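Residue numbers (UniProt numbering): 1 to 534. Here a beta-carbon is modelled for each residue, glycine too, at the ideal position from N, C-alpha and C. Source: prediction; values computed, not measured.
Right, here's the structure in full:
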């Protein structure tokens, strides 16, 4: 939910030392056309009396101060609609605050306010209450009387229960209970909030959800990460048909049911770090899916209609999500089928830390791919089709056994990492890739210094292993490169054994503000081992 005014504790304010007190307490029209007095971040320990003489102000902000007490005169500001008193030293609110009958938004985050004064339940205009980080053990009962409230944020507290009275807040659209690590159960009455659109329950201690959670039919966003949930009620997948974002990361989920296909509006599905061993075939029916994150699971078996066991299902080009994150699984192969509905939208594919032995020839069909990570696999070659990935900007293929790349250049590639492979020379196509900013060549079998690397005039960072160089004098060729200047930093750790001179030696060249900085760093290296360096 987007409110017209949202108070957040943020950076410290730069104040003008020439401001007079009169200027400081002068209200001004804000972007919403409301008369606002902004006293935030001024290290104030008390509020000037003049503040409470300005009865026409509509917004008052004195967050990030060191105020311990709010004067009772605040009740005189009858026109006040927005009040931000977050990040102070407050332990209570004055009774007079209940006189602010026009108040629509109240932010009291970052204090130690445990109870509300009597009469506060009469503030029936209140729509937004931000009550984060107050060490709350229980929500004050007056909160459940705010019948017009649309957003309630009680995250970052110490709640161990939510009262059944939560079911009274029938206008509630956004409920944030995140980071209440003692919260183990939810009342059934929470599922009476028929207008609820966003529910954040991340970083609690929930083992299950109420069975009637399917009653929240308007729910668009459901965050459940970092709990103890092993399965969800079937009503989640059958009834929450308006769900657009489902975050289940860091739980104990073992299976996504086939009924997930009912969530036709789902755009972001995150099941990172669970116990999945397969993906449901029906996932291809999620036509709006943009992000699928199932990294850090144990995916080994997949639907029968895929190319076989350990095969990634052919959803890459069926409904075109823009990001698929499958790292840290046990996938041995994947297939990219011919596009069904136009060109692929996929822009980010992460298959790192798997068991891939090859990439499919049809990878060229992923024509919009910008980020490809296949590091930490068992690849021995890269298919020719990769040269058609003209949109590729980041390509990480480190920690494999690849010896060469197809003879091609990548017109938009900025970051290339093929460290820890078996290259014997830098591919010609790489040396023609003028857009490269970062190039990592560490731990390959390249025996000669790549003089032609001078062609890469936009290169910012070069990681290069020199322990296998047969002629170190070629390192001085860096002097001929087209950078404005070369600044050398040589770090030498002396060792009594001269034979260890080249052990672990490498350099990193980095260009900052027109300068190329070359650093030689080694674990074991005798002084004077590199006479060709400046």
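task: Leaving out five residues on either side along the sequence, give the residues of the same chain with a beta carbon under 8 Å from the beta carbon of residue 136.
output: Numbered from 1 along the chain shown, position 136 holds the residue referred to as residue 136. 114, 154, 157, 158, 159.
message: Alpha carbons only, please: which of 420, 285, 363, 392 is nearest the one belonging to residue 377?
response: Here the question's residue 377 lines up with position 377 in the chain shown. Among 420, 285, 363, 392, the Cα nearest to that of residue 377 is on 420.
- prompt: From residue 79 to residue 175, what distance separates their C-alpha atoms?
  reply: Within the chain shown, residue 79 is the residue found at index 79, counting from 1. Within the chain shown, residue 175 is the residue found at index 175, counting from 1. The straight-line gap from Cα to Cα measures roughly 27 Å.
- request: Verify whether the separation of the beta carbon atoms of residue 325 and residue 273 is less than 8 Å.
  value: To locate residue 325, count along the chain shown from 1; it is residue 325. To locate residue 273, count along the chain shown from 1; it is residue 273. Contact: no.
query: Just how far apart, CA to CA, sit residue 345 and residue 189?
result: As a working note, residue 345 is residue 345 in the chain shown. As a working note, residue 189 is residue 189 in the chain shown. Near 41 Å, if we compare the C-alpha coordinates of residue 189 and residue 345.
- prompt: In three-state DSSP terms, what is residue 191?
  reply: Locating residue 191 in the chain shown gives position 191, counting from the first residue. Helix, per DSSP.
message: Using a Cβ-Cβ cutoff of less than 8 Å, which residues in the same chain neighbour residue 499 once the five nearest sequence positions on both sides are dropped?
response: Counting from 1 along the chain shown, the entry for residue 499 is found at position 499. For residue 499, the predicted model reports a pLDDT of 32, less than 50, meaning its position is unreliable; a value from the coordinates is still stated below. Cβ neighbours of residue 499 beyond the five flanking positions: none.
- prompt: Can the beta-carbon of residue 286 be found closer than 8 Å to that of residue 322?
  reply: Walking along the chain shown from the start, residue 286 turns up at place 286. Walking along the chain shown from the start, residue 322 turns up at place 322. Not a contact, by the Cβ cut-off of 8 Å.
Neighbourhood of residue 25 by C-beta, 7 Å cutoff - its chain only, sequence neighbours within 5 removed: Within the chain shown, numbered from 1, the residue matching residue 25 stands at position 25. The residues are 37, 48, 50, 51.
query: Where does residue 535 sit, in a helix, a strand or coil, going by DSSP?
result: Because the chain in this structure spans residues 1 to 534, residue 535 falls outside the shown range and cannot be described.
field: Sequence ranges, beta strand (DSSP E) only - wholly within the stretch 144-173, length at least 3
entry: 151-153
Same chain, Cβ closer than 7 Å to residue 236, five either side skipped, listed in chain order: Taking the first residue of the chain shown as position 1, residue 236 is located at position 236. Closer than 7 Å at the Cβ level, and outside the excluded window around residue 236, lie 213, 214.
query: Cβ of residue 335 within 8 Å of Cβ of residue 351?
result: Position 335 of the chain shown, counted from the start, is the residue given in the question as residue 335. Position 351 of the chain shown, counted from the start, is the residue given in the question as residue 351. Result no, Cβ atoms of residue 335 and residue 351 do not sit closer than 8 Å.
message: Checking the sheet assignment: what are the DSSP bridge partners for residue 66?
response: Within the chain shown, the letter at position 66 stands for residue 66. Looking at the DSSP assignment, residue 66 forms no beta bridge with any residue, so it has no partner.
- request: Rounded to whole angstroms, what's the CA-CA distance from residue 259 to residue 249? Just pull it up for me.
  value: Reading the chain shown from its first residue, position 259 is the one you call residue 259. Reading the chain shown from its first residue, position 249 is the one you call residue 249. Approximately 19 Å, taken between the alpha carbons.
query: Where residue 384 and residue 404 are concerned, what is the direct C-alpha to C-alpha distance, given to the nearest angstrom?
result: What you label residue 384 is simply residue 384 of the chain shown in a count that begins at 1. What you label residue 404 is simply residue 404 of the chain shown in a count that begins at 1. Roughly 11 Å between the two C-alpha positions.
- prompt: Is the beta carbon of residue 414 sitting closer than 8 Å to the one on residue 437?
  reply: The sequence position of residue 414 within the chain shown is 414, counting from 1. The sequence position of residue 437 within the chain shown is 437, counting from 1. It is a contact, given that the beta carbons lie within the stated cut-off.
- prompt: Who are the near neighbours of residue 167 in its chain, counting only those whose CB is closer than 6 Å to its CB and skipping five residues on each side?
  reply: Along the chain shown, one-based indexing puts residue 167 at 167. Sequence-distant partners of residue 167 (beyond 5 residues in either direction) whose C-beta falls short of 6 Å from its own C-beta, in its chain, are 189, 192.
task: Output yes if chain B places a C-beta closer than 8 Å to the C-beta of residue 410; else output no.
output: No chain B is part of this structure, which consists of one protein chain only.
task: May I have the straight-line CA-CA distance separating residue 63 from residue 367, to the nearest angstrom?
output: The residue you call residue 63 lines up with position 63 of the chain shown. The residue you call residue 367 lines up with position 367 of the chain shown. One C-alpha to the other measures close to 49 Å.
- request: Grab the span of the alpha helix (DSSP H) containing residue 198 for me, first residue to last.
  value: Counted from its first residue, the chain shown places residue 198 at position 198. Here residue 198 belongs to no alpha helix (DSSP H); instead the beta strand (DSSP E) covers 198-200.
task: Give the C-beta separation of residue 201 and residue 178 to the nearest angstrom, bearing in mind that I take them to be a contact with Cβ-Cβ under 8 Å.
output: Reading the chain shown from its first residue, position 201 is the one you call residue 201. Reading the chain shown from its first residue, position 178 is the one you call residue 178. Contact holds; Cβ gap of about 7 Å.
query: Does at least one heavy atom of the ligand FMN sit under 7 Å from the Cβ of residue 99?
result: The ligand FMN is absent from the structure shown, which contains no ligands of any kind.
- prompt: So which of 417, 443, 408, 412 has the shortest CA-CA distance to residue 424?
  reply: Numbered from its first residue, the chain shown carries residue 424 at position 424. Distance from the Cα of residue 424 is smallest, within the candidate group 417, 443, 408, 412, for 443.
message: Using C-beta distances below 6 Å, list every residue in its chain close to residue 61, excluding the 5 sequence neighbours before and after it, in chain order.
response: Numbered from 1 along the chain shown, position 61 holds the residue referred to as residue 61. Only 38, 40, 84 meet the Cβ criterion.
- prompt: In the DSSP assignment, what residue or residues form a beta bridge with residue 82?
  reply: The residue given as residue 82 occupies position 82 in the chain shown. Answer is 59, 105, bridged to residue 82.
- request: State the DSSP-derived secondary structure class of residue 37, mapped to helix, strand or coil.
  value: Locating residue 37 in the chain shown gives position 37, counting from the first residue. Looking at residue 37 - three-state DSSP - the assignment turns out to be strand.
- prompt: Between 211, 29, 246, which lies nearest to residue 219 when the distance is taken from Cα to Cα?
  reply: As a working note, residue 219 is residue 219 in the chain shown. Closest option to residue 219, Cα to Cα, is 246.
Host alpha helix (DSSP H) of residue 430 (start-end): To locate residue 430, count along the chain shown from 1; it is residue 430. Residue 430 -> alpha helix (DSSP H) spans 428-431.
- prompt: Going straight from the alpha carbon of residue 107 to that of residue 203, what length do you get?
  reply: Residue numbering aside, residue 107 sits at position 107 when the chain shown is read from its first letter. Residue numbering aside, residue 203 sits at position 203 when the chain shown is read from its first letter. Taking C-alpha positions only, residue 107 is separated from residue 203 by approximately 22 Å.
query: Nearest CA to the CA of residue 122: which residue from 95, 241, 139, 289?
result: The residue you call residue 122 lines up with position 122 of the chain shown. Closest by alpha carbon: 95.
message: Taking 8 Å as the limit between beta carbons, can you name the residues of its chain near residue 91, skipping five residues before and five after?
response: Numbered from its first residue, the chain shown carries residue 91 at position 91. Excluding residues within five positions, the ones whose Cβ falls inside 8 Å are 68, 111, 112, 113, 114.
field: residue 124 to residue 296 span [Cα, whole Å]
entry: Within the chain shown, the letter at position 124 stands for residue 124. Within the chain shown, the letter at position 296 stands for residue 296. In a straight line, the C-alpha of residue 124 is about 47 Å away from that of residue 296.
- prompt: To the nearest angstrom, how far is it from the Cα of residue 450 to the Cα of residue 291?
  reply: Position 450 of the chain shown, counting from 1, holds the residue named residue 450. Position 291 of the chain shown, counting from 1, holds the residue named residue 291. Near 39 Å, if we compare the C-alpha coordinates of residue 291 and residue 450.
- prompt: DSSP beta-bridge partners for residue 418?
  reply: On the chain shown, position 418 is the one that residue 418 refers to. For residue 418, which the question treats as bridged, DSSP gives no partner whatsoever.
message: Tell me the residue span of the beta strand (DSSP E) that contains residue 536.
response: Limits of the chain in this structure are 1 at one end and 534 at the other, which puts residue 536 out of reach.
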